[in-house]
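Enquirer: Residue numbers (the working numbering), protein chains in the order written: chain A, 1 to 291; chain B, 1 to 291.
C-beta: ideal position from N, C-alpha, C; glycine also.
In this text, all values refer to a predicted model and were calculated from it rather than measured experimentally.
Below: one structure in structure tokens.
What follows is the structure, given as structure tokens:
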């Protein structure tokens, strides 16, 4: 007997590292998935010791444990999309590639996390990078590297948008079904999506401030959540980019370093909070639609 | 330079084990904390392999890693409340007790998780149970055992509400500032709160169905979130119980076993359909696709 009068929402699996300050990694993914009204489940590839001030150490999950985590989940639930983030090492990347194939997982979005955002901590070992490039890439619906990650994966230099388009096409030649190369570090931020047929540029606004911790994780899990709900790739990317931008605009500080995005900016504004005073709320200001 | 125009909400720290199906443990706590418009940060005491069908194995975090996780968080952020769940072993319980004391953590709610809900997997070792009873209990604002946990902690048998009241008082004599003994397994579910001065009974409705996975985790983190927002203990418990009951009523199946609570039932009901609202779309311009 059960009260299954409420149907389950689409289930999105995140395979990622755990960030205790919850701005990035598993927790950011789960918040993003929930904010899109999907249900998130999570295999943890590593525990990290970190605060908003940076990653202090990384404790990669044993491959056998990661395998058991994912198998237990997939034997129990049917997932509509998968987000892959930090993998840690070659062994874990191998487990993930094998299980993606064995369970024929749909809508796999790979955010190829290689280093911490400060750049000084390795989040995937060299053998893992090679495996990702040669094997895992073939099994994903979309890869979402930023420019430095695309450079590292492809062994090329990317200086402008034309080179970003070339990189996206190269990633698809290497086997990814589609690639989104993110140029957030460029003077005028622009992302390039190549879906195997055509390239599209997404021009964004630079959000002032430094509360961008976890924006890459958030973008890839937002895309996965949109794909889980049946959106086409291009619309999924567009909607996810808007979500990330708004979540950055509503960010707040929770530590001494770059703060997390505010993943629940929408529902916070819409819901009647319990125990929170009205003046503590920040209504979402929706700009008038432009022609 | 930062966009700190949005002040941070109260920060609630959860110290708990990670459940990959996200109905219990860390993920349930973080969802609960977010649903209360607080910001959750999390120290992971163990990775578990589990699905809705039960816990298959437990991989306890090394005490030095747990210590580093918590220290990194507390040196970076000021927390308004703490929820302690699964600890795994004596070493981790010791780390937590020491850090609660050193950082003078406020509003500590201890959910003394001892076994998996199916009862067959130990989630705190025997030395940990002893330490919890003799040392950790003294450092908490509230302990929230269910009847079997209270029996195990106190070495007594609890058969009725009168015995629950006696147990709650005993837990306070042992050092807890207050105790909530949960009688969800009784024929007519009732919880007993003893705050050091008087006992109060909270009579609940039995929610039909079996989607109760993580209800204990959810209750204790909801109480912590209410305390973080300045609620008095009795009101915090009442509001948290209402929240858990509603979240159970809105539960849905996500696997073959007992499903998770629906932690976001409020905002889901109130928010617009899935996805991004059309008016939010204006900032990203998509130029026509290029060939």
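Listed from N- to C-terminal order along the chain, which residues in the stretch 229-253 of chain B have their beta-carbon within a distance smaller than 7 Å of any beta-carbon of chain A?
Expert: Under the 7 Å Cβ criterion, the stretch 229-253 of chain B contributes 229, 231, 239, 250, 251, 252, 253.
Enquirer: Against residue 44 of chain A, what residues of chain B qualify as contacts under a CB-to-CB distance less than 8 Å, listed in chain order?
Expert: Per Cβ cutoff of 8 Å: 18, 20, 44, 47.
Enquirer: Taking the Cβ atom as the reference point for each residue, do residue 18 of chain B and residue 44 of chain B lie within a distance shorter than 9 Å?
Expert: In this structure, residue 44 of chain B lies closer than 9 Å to residue 18 of chain B by Cβ.
Enquirer: Determine the contact status of residue 61 of chain B and residue 112 of chain B, defining contact as a CB-CB distance below 9 Å.
Expert: Going by C-beta atoms, residue 61 of chain B is not nearer than 9 Å to residue 112 of chain B.
Enquirer: Given this structure, state the Cα-to-Cα distance separating residue 52 of chain A from residue 260 of chain A, to the nearest angstrom.
Expert: Spanning the two alpha carbons is a distance of roughly 8 Å.
Enquirer: Compute the minimum distance between the beta carbon of residue 110 of chain B and the heavy atoms of the ligand PLP, and state whether it is under 8 Å.
Expert: Of ligands this structure carries none, so the ligand PLP is not represented either.
Enquirer: Between which two residues does the alpha helix (DSSP H) harbouring residue 174 of chain B extend?
Expert: First-last for residue 174 of chain B: undefined, no H or E at that position.
Enquirer: Are residue 80 of chain B and residue 38 of chain B close, meaning C-beta to C-beta below 9 Å?
Expert: In contact: residue 80 of chain B and residue 38 of chain B (Cβ atoms closer than 9 Å).
Enquirer: State the beta-bridge partners of residue 59 of chain B as determined by DSSP.
Expert: For residue 59 of chain B, which the question treats as bridged, DSSP gives the partners B:47.
Enquirer: For residue 134 of chain A, count the other beta carbons within 10 Å of its own beta carbon; 16 or more makes it buried, fewer makes it exposed. Which is it?
Expert: By the neighbour-count rule (16 or more Cβ atoms within 10 Å), residue 134 of chain A is not buried but exposed.
Enquirer: Given residue 240 of chain A, which residues of its chain have a CB within under 7 Å of its CB, disregarding the five upstream and five downstream residues?
Expert: Cβ neighbours of residue 240 of chain A beyond the five flanking positions: 219, 222, 223, 226.
Enquirer: From which residue to which residue does the beta strand (DSSP E) around residue 52 of chain A run?
Expert: Note, residue 52 of chain A: premise wrong, no beta strand (DSSP E); not H, not E.
Enquirer: Using DSSP with H/G/I as helix, E/B as strand and the rest coil, what is residue 251 of chain B?
Expert: Correct three-state label for residue 251 of chain B: coil.
Enquirer: Of the residues that make up the stretch 259-270 of chain B, which ones have a beta carbon closer than 8 Å to any beta carbon in chain A?
Expert: Listed in sequence order: 259, 260, 262, 263, 264, 266, 267, 268, 270.
Enquirer: If you count every other CB in all the chains shown that lies within 10 Å of the CB of residue 15 of chain B, and 16 or more means buried, which is it?
Expert: Residue 15 of chain B comes out buried.
Enquirer: From the DSSP output, read off the bridge partner residues of residue 109 of chain B.
Expert: Answer by DSSP bridge pairing, in chain order: B:83, B:142.
Enquirer: In chain order, what residues of the same chain have a beta carbon less than 6 Å from the beta carbon of residue 215 of chain A, not counting five sequence neighbours either side?
Expert: These residues qualify, in order along the chain: 244.
Enquirer: Starting from residue 232 of chain A, follow its DSSP beta bridges and name the residues at the other end.
Expert: DSSP, once it has assigned bridges, lists no residue as partnering residue 232 of chain A.
Enquirer: Nearest by alpha-carbon distance to residue 48 of chain A: which of A:157, A:40, A:57 is it?
Expert: Here the closest residue by C-alpha is A:57.
Enquirer: So if I threshold CB-CB distances at 7 Å, which residues from the stretch 46-74 of chain B count as touching chain A?
Expert: The stretch 46-74 of chain B vs chain A, Cβ under 7 Å: 47, 49, 50, 51, 52, 53, 56, 57, 59, 61, 65, 68, 69, 72, 73.
Enquirer: When you compare the stretch 99-108 of chain B with the stretch 71-79 of chain B, are there three or more beta-carbon pairs, one atom per stretch, that lie closer than 8 Å?
Expert: Judged by Cβ distances under 8 Å, the stretch 99-108 of chain B makes contact with the stretch 71-79 of chain B, as three or more pairs qualify.
Enquirer: Taking the CB atoms as reference points, tell me whether residue 6 of chain B and residue 252 of chain A lie closer together than 9 Å.
Expert: Contact: yes.
Enquirer: Strictly below 7 Å CB to CB, what residues from chain B border residue 215 of chain A?
Expert: Correct list: empty, because the minimum Cβ distance to chain B is about 13 Å.
Enquirer: Can you give the Cα-Cα distance for residue 283 of chain B and residue 205 of chain A, rounded to whole angstroms?
Expert: At residue 283 of chain B the pLDDT is 38, less than 50, meaning the model places this residue with poor confidence; the figure from the coordinates comes in the next sentence. Their Cα atoms are separated by approximately 7 Å.
Enquirer: Which bits of chain A does residue 25 of chain B rub up against, with CB to CB less than 8 Å?
Expert: Near residue 25 of chain B there are no residues of chain A at all, since even the closest Cβ is about 11 Å away, more than 8 Å.
Enquirer: Spell out whether any CB of chain A is found under 9 Å from the CB atom of residue 281 of chain B.
Expert: Confidence is the limiting factor: at residue 281 of chain B the pLDDT is only 41, short of 50, which leaves the residue's position unreliable, though a coordinate-based value still follows. Cβ-Cβ to chain A under 9 Å: yes for residue 281 of chain B.
Enquirer: If I'm right that residue 136 of chain B touches residue 93 of chain B with Cβ under 8 Å, what's the distance once you round it to whole angstroms?
Expert: Rounded, the Cβ-Cβ distance is 6 Å, consistent with contact.
Enquirer: What residues of chain B sit near residue 8 of chain A, judged by a beta carbon separation below 8 Å?
Expert: In chain order: 252, 253, 254, 259.
Enquirer: Buried or exposed, going by whether 16 or more other CB atoms sit within 10 Å of the CB of residue 12 of chain A?
Expert: Buried, because 16 or more other Cβ atoms sit within 10 Å of the Cβ of residue 12 of chain A.
Enquirer: So, is the C-beta of residue 220 of chain B closer than 9 Å to a C-beta in chain A?
Expert: Judged by the 9 Å Cβ criterion, residue 220 of chain B is not in contact with chain A.
Enquirer: Does residue 24 of chain A pass the burial test, meaning 16 or more other C-beta atoms within 10 Å, or should it be called exposed?
Expert: With 16 or more Cβ atoms within 10 Å of its Cβ, residue 24 of chain A is classed as buried.
Enquirer: Thinking residue 167 of chain B and residue 156 of chain B are a contact (beta carbons under 8 Å), I'd like their distance in whole angstroms, please.
Expert: Contact flag correct, Cβ pair sits at about 7 Å.
Enquirer: The stretch 26-42 of chain A: which residues have C-beta closer than 9 Å to a C-beta of chain B, in chain order?
Expert: Listed in sequence order: 26, 27, 30, 31, 34, 35, 36, 37, 38, 39, 40, 41, 42.
Enquirer: Would you report the Cα separation of residue 90 of chain B and residue 196 of chain A, rounded to the nearest angstrom?
Expert: Going from the Cα of residue 90 of chain B to the Cα of residue 196 of chain A covers about 54 Å.
Enquirer: Pull up the DSSP beta-bridge partners for residue 201 of chain A, would you.
Expert: Answer is A:192, bridged to residue 201 of chain A.
Enquirer: Could you tell me the distance, in whole angstroms, from the CA atom of residue 213 of chain A to the CA atom of residue 258 of chain A?
Expert: Cα to Cα, residue 213 of chain A sits roughly 6 Å from residue 258 of chain A.
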